[in-house]
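Residue numbers for the sequence shown follow UniProt numbering, beginning at 1 and rising by one.
C-beta: ideal position from N, C-alpha, C; glycine also.
Worksheet: the structure to be examined is printed underneath.
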Amino acid sequence: MGNFSSEYYCKLDAKGRLVLPAKLKAALPETFGNELVMRRGFDPCLVLYPMNEYRKLDNKVSALDDFDHKQRNFKRSFYRGNTEIELDAAGRFLIPKPLLGFAGISKEVIVVGMGKTIEIWDPERYDNFLINDPEVFAEQAREYLSDAKK
């Protein structure tokens with residue numbers, strides 16, 4: 001399995017279905033094929049997880065303490081709207097209306113490969129969540145990616 005990368009500008013069809021770009025589909029793990037989980041992102045977008053990546057995260061979330069109010073509320077919010085999807089023969093999947101509303105998606109979307117996951121954004125919202133200042137981006141690259149010790 002390769003990592004997901006690149007941005008793709010796509011449109012939903014009249015039924016609210018999206019065709020997963022071919023390069024992203026090709027990077028899906030063979031063991032789970034077309035099985036994905038879609039959930040609300042931590043930002044106002046949707047996130048697609050290959051089943052193997054979702055199960056890793058699900059194991060952590062389901063292990064949280066149901067007797068602790070904060071953890072229980074986090075679990076509830078995490079699982080809200082999670083949807084198992086399977087790509088059809090044309091590589092399409094339906095995005096449920098509540099998830100479209102959460103992400104502010106109507107017709108056009110940007111599909112973004114994020115390494116182990118795929119994000120689906122409304123184009124205007126996506127632009128608002130990018131680092132647009134090159135100096136800030138360079139500083140964060142140095143902070144997060146540099147091997148040099150500070």
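Relative to the alpha-carbon of N3, which residue among A14, L28, A22 has its alpha-carbon at the smallest distance? Of the listed residues, the one whose Cα sits closest to N3 is L28.
Using the three-state DSSP reduction, which class does R39 fall into: helix, strand or coil? strand
With a Cβ-Cβ cutoff of 7 Å, do I110 and E7 count as a contact? The answer is yes: Cβ separation under 7 Å.
Beta-carbon proximity of L75 to V61, cut-off 7 Å: Residue 75 is actually Lys in this sequence, not Leu. When the beta-carbon positions are compared, K75 and V61 come within less than 7 Å of each other.
Can you look up M1 in the DSSP assignment and give me helix, strand or coil? Any reading at M1 is ruled out, since the residue's pLDDT is 49, under 50, leaving its predicted position unreliable.
On the premise that R40 lies in contact with L99, defined as a C-beta separation below 8 Å, what is that separation, rounded to the nearest angstrom? 7 Å
So A103 packs on I120, CB below 8 Å; how close in whole Å? 7 Å
As a quick exercise: from G91, F67, M38, L64, pick the residue whose alpha carbon is nearest that of Y54. M38
Strand pairing of E143, partner residues [DSSP]: Looking at the DSSP assignment, E143 forms no beta bridge with any residue, so it has no partner.
Can you tell me whether P21 is buried or exposed, with buried defined as 16 or more other CB within 10 angstroms of its CB? buried
What are the boundary residues of the alpha helix (DSSP H) that includes K11? From DSSP, K11 is part of no alpha helix (DSSP H) but of the beta strand (DSSP E) over 7 to 11.
Buried or exposed by the 16-neighbour rule on C-beta atoms within 10 Å, applied to L145: exposed
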